[in-house]
Amino acid sequence: MRLGVVYPQIELEGDPSALARFARAAEGLGYDHLVLYDHVIGASHERRDPPIRGRYGERSPFHDPLTAFAYLAGLTERIEFVSGVLILPLRQTVLVARQTADIDLMSGGRLRLGVGAGYNRVEFHAMGVDFASRGRRLTEQISYLRRLWSEELISFEGEFDQIDRANIVPRPTRRIPIWCGGFAEAAFRRAVALADGFVFGYGLDQAATDGWIRLRELLAIAGRPLDGFGAQFVLHAPGQPYTDQEITDGLLRLRAADATHASLFTMGRGLTGVDRHIDYIAEIMKKAEAALR
1 MRLGVVYPQI ELEGDPSALA RFARAAEGLG YDHLVLYDHV IGASHERRDP
51 PIRGRYGERS PFHDPLTAFA YLAGLTERIE FVSGVLILPL RQTVLVARQT
101 ADIDLMSGGR LRLGVGAGYN RVEFHAMGVD FASRGRRLTE QISYLRRLWS
151 EELISFEGEF DQIDRANIVP RPTRRIPIWC GGFAEAAFRR AVALADGFVF
201 GYGLDQAATD GWIRLRELLA IAGRPLDGFG AQFVLHAPGQ PYTDQEITDG
251 LLRLRAADAT HASLFTMGRG LTGVDRHIDY IAEIMKKAEA ALR
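Residue 90 in the UniProt record's numbering sits at position 90 of the sequence shown; the count goes up by one each step and never skips.
This is the structure we're talking about:
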């Protein structure tokens, strides 16, 4: 099982120097992957009908994951970049194909593209994208991305996208992994049909007992082997900080449950400044190495 970290973007307040320091420190400490969350805009929760789900608002800072990964590609050498998850239906598929191909090329094949449908109607409204059709759009986009990355010249006429005897150049030199994320049954079914793995966006207990069990059931029904299908978990839920011992115990439980990746979440622990976040991930890495030995 591979251990990574979620970038604490809310608590480091959009500071690009903190992003660089945290990523290089995580790589130097031996973490395998760096996860960035995605929201294009922040929106006020006040007087919304229906209400906006989630904990982020108009003052929550986010870096664009693809832009951040392009920046970090030149500052790191080994660590994998994971979007956890990119709200793909908000974006033009061909442009994402171009951006992700370049990130993968420039990083030496270190991108893992996590994608999801999104939940914030305000973001979709701001981007001029239909919220109701986001699931169908995402399903179409995943297959379309794979063709854009791999075929020399394609024609495609979908419900949402089209191309006429054209493609991106240069293309990636490998098959970029696509992992799905989300909470709903539709997300699990989409992952089983189309993806290489699943990024769980909630805390350890719920993910381990609910989502992963259901996903494995669907894999079995579809005749897909568990071997080769990735499962990434966050080690604790936002606002529910576990003790260090519970985190290392959780790593052992995840390994026993056939998880392939676990991500340490450092927000919500009262850590102020990038140095304290780095000290914390250093401390947890020592304990994790001892626990997983």
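Glycine included, every Cβ here is placed at the ideal spot set by N, Cα and C.
- Ala23 is positioned such that its CB atom lies closer than 8 Å to that of Leu75.
- Its chain contains Ile168 as the residues whose beta carbon lies nearer than 7 Å to that of Arg98, once the 5 sequence neighbours on both sides are disregarded; these appear in chain order.
- Within the segment 99 to 150, the runs of alpha helix (DSSP H) that reach at least 4 residues and sit entirely inside it are, in chain order, 121 to 127, 134 to 150.
- Around the beta carbon of Ala73, 16 or more other beta carbons lie within 10 angstroms, which makes this residue buried.
- As far as DSSP is concerned, Leu88 takes part in no beta bridge.
- Ranked by Cα distance from Glu77, the options Ser107, Gln92, Arg2 are led by Ser107.
- As the crow flies, the alpha-carbon of Arg134 is around 26 Å from that of Tyr7.
- For Leu226, the number of other beta carbons within 10 angstroms of its own is below 16, and it is reported as exposed.
- When rounded, the separation of the alpha-carbon atoms in Arg253 and Ala259 is 9 Å.
- Pairing Pro65 with Gly203, the inter-Cα distance amounts to about 21 Å.
- An exposed status is given to Gln245, since fewer than 16 other beta-carbon atoms sit within 10 Å of its beta-carbon.
- Given a length threshold of 3 residues, each whole run of the beta strand (DSSP E) inside the segment 201 to 262 is given here in chain order: 230 to 234.
- For Leu29, the closest alpha carbon among the candidates Ile284, Ala291, Arg293, Leu292 is that of Ile284.
- Here the segment 168 to 177 makes no contact with the segment 187 to 194; the two share fewer than three CB pairs at distances below 8 Å.
- The C-beta separation of Gly223 from His261 comes to about 24 Å, leaving the pair out of contact by the 8 Å criterion.
- For Leu271, the secondary structure class from DSSP, reduced to helix, strand or coil, is coil.
- A straight line joining the alpha-carbon of Gly84 with that of Asp164 spans about 31 Å.
- Where Val192 is concerned, the enclosing alpha helix (DSSP H) starts and stops at 185 to 194.
- If you draw a straight line from the Cα of Ile154 to the Cα of Leu148, it comes to about 8 Å.
- Beta-bridge partners of Ser83 (DSSP): Leu36.
- For Leu3, the enclosing beta strand (DSSP E) begins and ends at 2 to 6.
- Less than 8 Å divides the Cβ of Leu36 from the Cβ of His63.
- Within the same chain, and ignoring the five residues on either side of Gly14 in sequence, the residues whose Cβ sits closer than 6 Å to its Cβ are Pro61.
- In the structure shown, the three-state DSSP call for Asp15 is coil.
- Arg165 sits in a strand when the DSSP states are folded into three classes.
- In this structure, Gly250 sits away from Leu264, with a CB-CB distance that is not shorter than 8 Å.
- Glu46 sits in coil when the DSSP states are folded into three classes, being neither helix nor strand.
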